[in-house]
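J.: Residue numbers (the numbering used here): 974 to 1424.
Even for Gly, the Cβ is constructed at its ideal location relative to N, Cα and C.
For clarity, every value in this text was computed on a predicted model and none was experimentally measured.
What follows is a structure written as structure tokens; I'll ask about it next.
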Amino acid sequence: MKFVIIGGGPAGNQAATHAAMLGVEVTLIERDVIGGAANLWDCIPSKAMIATGGAMSYLRRIDGMGVVADEGALDLELIRQRIARIVGDLEHAKEKILQSQQVEVVRGTARMVDSHMVVASTADGERTFEADAILLSTGSRPRVPGWAALDGDRILATQDAYPPRVLPEHVVVIGSGVTGVEFVHLFRSLGCEVTLIVSRQQVLPQKDPEVAAVLEADFSVRGVHLLKGARAVGVDRTPEGVIVRCDDGRAVAGSHALLAIGSVPNSEGLGLGEAGVEMGAGGYVTINRHCQTNLPHIFAAGDLSGKLPLSSVASMQGRQVAEYVVRGHTASHRHPNYESAPSAIFTEPEIADVGLAEADAFAEGRKIRVTKVPFAASARALIDNDSRGFVKIITDPATGIVLGGSIVGRNASELISVLAVAVTGRLRVADIVESMLVHPTLGEALAEAAD
Ligand SMILES: Cc1cc2nc3c(=O)[nH]c(=O)nc-3n(C[C@H](O)[C@H](O)[C@H](O)COP(=O)(O)OP(=O)(O)OC[C@H]3O[C@@H](n4cnc5c(N)ncnc54)[C@H](O)[C@@H]3O)c2cc1C
């Protein structure tokens, strides 16, 4: 069995190591960095920048802890070097794992020439691979509308911001989804003036309004300007910076603009037509619940598949594709359950959720029990001088099974793991209550909310 994978992000990597572990001969073709855009452009550099912003915020906050600290000064070159080092270390670690599993790694750009043949253009010329199974995991890239001419200087995509050449005096962030609000938080923590263009009346329009309200309140306290109900339709360069024009006639001047309005799949040039693979709306590859395309031996996973654009989801899809390639559809094979995927927003406070949302349950007329505990009552939160936020757990009143939950607060992205295990494992609230948790920790709020 020969398994060829195009794209070495979370989906491709996980599929490669897992299939190799199960005894399959695997070739992984990557044109850029092993670890994918996730490591090079998305999850890792954005969180590294947020960590630097977090250190600055911490310096401001520790006043209240009896320490007198200076504001701290930023060195953009050191930030750049730190991010490059993290990305390099991660790539090195991933390469070693692939090597140890005898995965053949090919550096080059690949395309299918028919449904069983993949050609890679490498520095040493073209190489052809015959495959019994193929995984397409080429990811996505930021969406750039025709009305914004990115210049990498003043009009930025997220990829230009790790860090920008100069620290913006006033950055106008366009897009109030997860990526947009993370960049608002990031730039504000670094001391920049920030305006966020919000096309609806709520930031994070897909999220629980109560959760979004906490973030909006925090933005307001931190002096972030919100321009609500406005859709950006143009960005112009001016001698001093930029002007972002909105559809209702309003305009905002700033030193920089940053676009965070979603992504588009990397599906062109892949030979989908030559192989006979069907695409759906927006250029995403259509898959079934096993991540199979219309051709049973060709799979798609990760952002290219148009499911939840999360690194964790891409990895899980990749792993399950590997299982399916090796074992086929057996009783033990599980397909990805997108409903139990947790997600986090790395703002301050952090926001994380998993499973059923309260608003969705009400919309469906479903009976649920909701319990909520604020961190204001947590000893650990008080010790750490940050008691913002809450834990909310949603259960089935008949069985006590945990259906979902949201956490807003420090380390919410870590704490949600407990609820993710509970939702995936269909645990009861009693299982959380009866688990002894370390004291004093923020995690204790989970047990209290479950009680
Ligand atoms: C700013 C930002 C921050 C994010 N932060 C998070 C986060 O904190 N947590 C999270 O879970 N998700 C986050 N995401 C989403 C996450 O990055 C994606 O969901 C994830 O990268 C998808 O993984 P993937 O395997 O589909 O593809 P990718 O990571 O996009 O990797 C695809 C790889 O395929 C390669 N490739 C493409 N075409 C070819 C070809 N023809 N031949 C060879 N190689 C090819 C590319 O070079 C790339 O390395 C973030 C996204 C953005 C934009």
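Give the secondary structure of R1173 by DSSP, where H, G and I count as helix, E and B as strand, and everything else as coil.
T.: Coil.
J.: Give me, in chain order, the residues of the same chain whose beta-carbon lies closer than 6 Å to that of V1217; leave out the 5 immediate sequence neighbours on both sides.
T.: So the qualifying residues of the chain are V1145, A1205, V1208, V1225 and A1230.
J.: For I1341 versus P1370, is the C-beta spacing smaller than 8 Å?
T.: Yes. Within cutoff.
J.: Taking 7 Å as the cut-off, is the C-beta of K1020 nearer than that to any heavy atom in ligand 1?
T.: At least one heavy atom of ligand 1 is nearer than 7 Å to the Cβ of K1020, so yes.
J.: Give the DSSP bridge partners of V1402, in chain order.
T.: Paired residue(s): none; V1402 is not in a bridge.
J.: From which residue to which residue does the beta strand (DSSP E) around E1003 run?
T.: E998 to E1003 is the extent of the beta strand (DSSP E) around E1003.
J.: Please name the residue or residues paired with E1247 in a DSSP beta bridge.
T.: Answer by DSSP bridge pairing: none, since E1247 is not bridged.
J.: Less than 8 Å between the beta carbons of A1295 and A984, yes or no?
T.: No, they are not a contact pair.
J.: Given a cut-off of 8 Å on the beta-carbon distance, is the pair A1334 and I1367 in contact?
T.: Cβ atoms of A1334 and I1367: closer than 8 Å.
J.: Figure out for me which residue from V1215, I978, I1234 and G1027 has the closest Cα to the Cα of S1172.
T.: Nearest of V1215, I978, I1234 and G1027 to S1172, Cα basis: I1234.
J.: Grouping DSSP H, G and I as helix and E and B as strand, with all else coil, what is E1077?
T.: Three-state DSSP puts E1077 in a strand.
J.: May I ask you to check if the CB of L1283 is nearer than 7 Å to at least one heavy atom of ligand 2?
T.: This structure lacks ligand 2; its bound ligands are ligand 1.
J.: For ligand 1, is there any heavy atom lying closer than 7 Å to the beta carbon of T1372?
T.: Answer for T1372: no, Cβ out of range of ligand 1.
J.: Which whole-angstrom value describes the C-beta separation of S1240 and L1277, a residue pair presumed to lie in contact below a C-beta threshold of 8 Å?
T.: 6 Å between Cβ atoms; contact.
J.: S1316: buried (16+ other C-beta within 10 angstroms of its C-beta) or exposed?
T.: When all chains shown are included, S1316 counts as buried.
J.: Any heavy atom of ligand 1 within a distance shorter than 7 Å of the CB on N1310?
T.: Result no, Cβ not under 7 Å from ligand 1.
J.: For the stretch 1284-1292 against the stretch 1114-1123, are there 3 or more C-beta pairs whose distance is under 8 Å?
T.: The stretch 1284-1292 is not in contact with the stretch 1114-1123.
J.: Indicate the three-state DSSP secondary structure (helix, strand or coil) for D1333 in the structure shown.
T.: Helix at D1333.
J.: Have a look at G982 and N1012 and give me their C-alpha separation to the nearest angstrom.
T.: Cα to Cα, G982 sits roughly 8 Å from N1012.
J.: One question on the structure: do E1189 and V1176 come within less than 8 Å of each other, judged by their Cβ atoms?
T.: For E1189 and V1176, yes; Cβs fall inside 8 Å.
J.: Take L1392 and list the residues in its own chain whose beta-carbon comes closer than 8 Å to its own, dropping the five residues that flank it on each side.
T.: Within the same chain, L1392 has close Cβ partners P1315, V1327, G1328, I1366, V1375, G1377, G1378, I1380 and L1419.
J.: In whole angstroms, give me the CA-to-CA distance for V1006 and H1302.
T.: V1006 and H1302: Cα-Cα distance of roughly 32 Å.
J.: Among G1249, S1073, V1091 and L1108, which residue has its Cα nearest to the Cα of Q1290?
T.: That would be L1108, whose Cα lies nearest to the Cα of Q1290.
J.: Between M1015 and ligand 1, is there a pair consisting of the residue's CB and a ligand heavy atom that are separated by less than 7 Å?
T.: Checking the displayed sequence, the identity of residue 1015 turns out to be Asp instead of Met. Correct: D1015 has its Cβ closer than 7 Å to ligand 1.
J.: Is F1102 near V1298, with beta carbons less than 8 Å apart?
T.: For F1102 and V1298, no; Cβs fall outside 8 Å.
J.: Can you tell me whether F1319 sits near ligand 1, meaning its C-beta is under 7 Å from at least one heavy atom of the ligand?
T.: It does: the Cβ of F1319 is within 7 Å (strictly closer) of some heavy atom of ligand 1.
J.: Just to confirm, is the Cβ distance from D1359 to R1033 under 8 Å?
T.: The answer is no: Cβ separation not under 8 Å.
J.: If I'm right that G1227 touches H1143 with Cβ under 8 Å, what's the distance once you round it to whole angstroms?
T.: That pair is a contact at about 4 Å.
J.: For a test of your reading of the model: does the CB of N1239 fall under 7 Å from any non-hydrogen atom of ligand 1? Yes or no.
T.: Yes, since a heavy atom of ligand 1 falls inside the 7 Å radius drawn around the Cβ of N1239.
J.: Tell me the rounded alpha-carbon separation between T990 and E1064.
T.: Distance between the alpha carbons of T990 and E1064 is about 14 Å.
J.: From what residue to what residue does the beta strand (DSSP E) around K975 run?
T.: Element bounds for K975: K975 to I979.
J.: Taking 7 Å as the cut-off, is the C-beta of D1097 nearer than that to any heavy atom in ligand 1?
T.: Not so, every heavy atom of ligand 1 lies at least 7 Å from the Cβ.
J.: Is V1006 a contact residue of ligand 1, with contact defined as CB to any heavy atom under 7 Å?
T.: Correct: V1006 has its Cβ closer than 7 Å to ligand 1.
J.: Are the CB atoms of V1346 and F1363 within a distance shorter than 8 Å?
T.: A contact, by the Cβ cut-off of 8 Å.
J.: Alpha carbon to alpha carbon, how far is L1232 from Y1257? Give it in angstroms, no decimals.
T.: Those two C-alpha atoms are separated by around 21 Å.
J.: Could you please give the first and the last residue of the uninterrupted alpha helix (DSSP H) stretch that includes C1219?
T.: Per DSSP, C1219 belongs to no alpha helix (DSSP H); it is in the beta strand (DSSP E), V1215 to C1219.
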